[in-house]
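Trainee:
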Amino acid sequence: MRTIELEDNQVKLIDQTLLPTEAKFVKCINVEELARAIEEMKIRGAPALGAAAGFGLAITVMNSESTKPEKMLQELKNAAGRIRRTRPTAANLFSALDRVMKTAEQNAASVEELREAVVEAAEAIAEEDIQVNQKMGENGSELIEDGDTILTHCNAGSLACVDYGTALGVVRAAREQGKDVSVIATETRPLCQGARLTTWELQRDDIPVTLITDNMVGRVMSEEKVNRVIVGADRIAANGDVANKIGTYTIAVLANRHEIPFYVATPLSTIDPQTESGGEIEIENRDPKEVTTLAGQELAPKEINVLNPAFDVTPAELITRIITEKGVFKPSEIKSLFD
1 MRTIELEDNQ VKLIDQTLLP TEAKFVKCIN VEELARAIEE MKIRGAPALG
51 AAAGFGLAIT VMNSESTKPE KMLQELKNAA GRIRRTRPTA ANLFSALDRV
101 MKTAEQNAAS VEELREAVVE AAEAIAEEDI QVNQKMGENG SELIEDGDTI
151 LTHCNAGSLA CVDYGTALGV VRAAREQGKD VSVIATETRP LCQGARLTTW
201 ELQRDDIPVT LITDNMVGRV MSEEKVNRVI VGADRIAANG DVANKIGTYT
251 IAVLANRHEI PFYVATPLST IDPQTESGGE IEIENRDPKE VTTLAGQELA
301 PKEINVLNPA FDVTPAELIT RIITEKGVFK PSEIKSLFD
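All letters in the sequence shown, in the order written, are residues 1 to 339 by the UniProt record's numbering.
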């Protein structure tokens, strides 16, 4: 199942806020609707946001009535600016915008050439995501042994990408090789992406999955029920520090305590060589209501002070290996890929 695609000059995407009770696709007819879909988490996951960013620029030119390339370029710059303001942490969103805008500026001899180049660049980002994830899955599956139980946090499956997935792509590849692999999924508060999305994906693929609350991780590790941890990433700094869904750092500390390998599966497009360390990564802070309510039910007193960072940073020294489409690396080797 593709999470997002271009269709009839619109962006078609699955509304992930409705899962697991309803699998419904919605269409965004302009960049403002797409930007709101990103902000409202109808689409999420770093690779999927990269595809969304590219498609946002594509529908801008597809629906533009400009007759001059310079005017169309300005429309693209405005659209890119709006998308940049949606979510600050996911690296793929920004790298996709930069890639498509560079292509646009290099092909602005006419509106026809500009339109074609932008759409092709956006489609290429989406198609490459699928190929990259499959290769990443193959590379990561070599780290998986028959009979392993893998703990994952948040959702790093096909819903977080265009298709196949990063962390769950490794699990899928191992299963395709005939390995008996099962998954423990954390609920991932406050928006429960693990409970709502990861379990839904794995059930559809007939991959055994057990759901736990976030505060059970130490318990299941101490009972030796976890062989490895595999998570995705939203941005990786040059030194190998990883920004991922809030709670990832806690799991990495526990995995280190229990001597359990901790892997991060991510495409190279999520690595930001311009950011030296995790301390420089901008962490998105979201609406306090995500913490104080659940399915419309109040969980806390009104006007209570709330912290709601969407991500945390796991230091490189807690990460065993980083799995990419180019191979499996130590965190300290990441920067050399871009030198």
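All C-beta atoms, glycine included, are put in the ideal place defined by N, C-alpha and C. Here the structure is a predicted model, which means the values were calculated and not measured.
Taking the alpha-carbon of E223 as reference, which of A316, T248 and L254 has the nearest alpha-carbon?
Mentor: The candidate whose alpha carbon is nearest that of E223 is L254.
Trainee: Under 8 Å: do the segment 270 to 280 and the segment 214 to 230 share three or more Cβ pairs, one atom per stretch?
Mentor: No: fewer than three Cβ pairs fall under 8 Å.
Trainee: Could you pull out every unbroken beta strand (DSSP E) segment of at least 3 residues lying fully inside the segment 213 to 259, listed in chain order?
Mentor: Counting only runs of 3 or more, we get 228 to 231, 235 to 237 and 242 to 245.
Trainee: Taking the alpha-carbon positions, what's the A173 to K24 distance?
Mentor: Rounded to the nearest angstrom, the two C-alpha atoms are 27 Å apart.
Trainee: What separation, rounded to the nearest whole angstrom, lies between the Cα atoms of N256 and M72?
Mentor: Roughly 52 Å separates the two Cα atoms.
Trainee: I'd like to check one pair, T89 with R286: are the Cβ atoms closer than 7 Å?
Mentor: Not closer than 7 Å, so no.
Trainee: Can you check which of these residues, A124, P301, V111 and G278, is closest to N63 by C-alpha distance?
Mentor: Comparing Cα-Cα distances from N63 to each of A124, P301, V111 and G278, the minimum goes to V111.
Trainee: So, using beta-carbon positions, are A237 and S277 closer together than 7 Å?
Mentor: In this structure, S277 lies closer than 7 Å to A237 by Cβ.
Trainee: Given a threshold of 16 other Cβ atoms within 10 Å of its Cβ, counted over all protein chains shown, does residue 340 qualify as buried or as exposed?
Mentor: Beyond the ends of the chain as shown, which are 1 and 339, falls residue 340; an answer cannot be given.
Trainee: What separation, rounded to the nearest whole angstrom, lies between the Cα atoms of L97 and A53?
Mentor: The alpha-carbon atoms of L97 and A53 are separated by roughly 6 Å.
Trainee: Near T103, which residues of its chain fall below 6 Å by C-beta distance, leaving aside the five closest residues on each side in sequence?
Mentor: So the qualifying residues of the chain are A117 and A121.
Trainee: Of the choices A109, A316 and K289, whose alpha-carbon is the least far from that of E303?
Mentor: Nearest of A109, A316 and K289 to E303, Cα basis: K289.
Trainee: Hey, would you say C154 sits closer than 7 Å to K42, going by beta carbons?
Mentor: No.
Trainee: Taking its Cβ as the centre, do 16 or more other Cβ atoms sit within 10 Å of I319, making it buried, or is it exposed?
Mentor: It is buried - the Cβ of I319 has at least 16 other Cβ atoms within 10 Å.
Trainee: Just verifying my parser: in three-state terms, what is the DSSP assignment at G327?
Mentor: Of the three classes helix, strand and coil, the one that applies to G327 here is strand, per DSSP.
Trainee: What is the residue span of the alpha helix (DSSP H) that F25 lies within?
Mentor: Not the alpha helix (DSSP H): F25 falls in the beta strand (DSSP E), residues F25 to C28.
Trainee: Quick check on G279: buried or exposed, where buried means 16 or more other Cβ atoms within 10 Å of its Cβ?
Mentor: Result: exposed.
Trainee: Please report the distance separating the alpha-carbon of L57 from that of E75.
Mentor: Approximately 9 Å, taken between the alpha carbons.
Trainee: CB-CB under 7 Å to V306, same chain, minus the five flanking residues each way: which ones, in chain order?
Mentor: Cβ within range, chain order: P288, V291 and T292.
Trainee: Can you check which of these residues, P315, G240, M101 and A265, is closest to residue 347 by C-alpha distance?
Mentor: One cannot answer for residue 347 here, as it falls past the ends of the chain, which runs 1 to 339.
Trainee: Pick from I59, P315 and T166: whose alpha carbon is nearest that of G45?
Mentor: Ranking the options by Cα distance to G45, first place goes to T166.
Trainee: Can I125 and A37 be called in contact, C-beta distance under 7 Å?
Mentor: No. Outside cutoff.
Trainee: Find out if the Cβ-Cβ distance for the pair N189, D214 is shorter than 7 Å.
Mentor: A small correction: the amino acid at residue 189 is Arg; Asn does not occupy that position in the sequence shown. Yes, they are a contact pair.
Trainee: In angstroms with no decimal places, state the Cα-to-Cα distance between T186 and E39.
Mentor: Each residue's alpha carbon lies about 23 Å from the other.
Trainee: Count the other CB atoms, across all protein chains shown, that sit within 10 Å of the CB of L299; report buried if there are 16 or more and exposed otherwise.
Mentor: It counts as exposed.
Trainee: Determine the DSSP secondary structure at V31, reduced to helix, strand or coil.
Mentor: DSSP places V31 in helix when its eight states are reduced to three.
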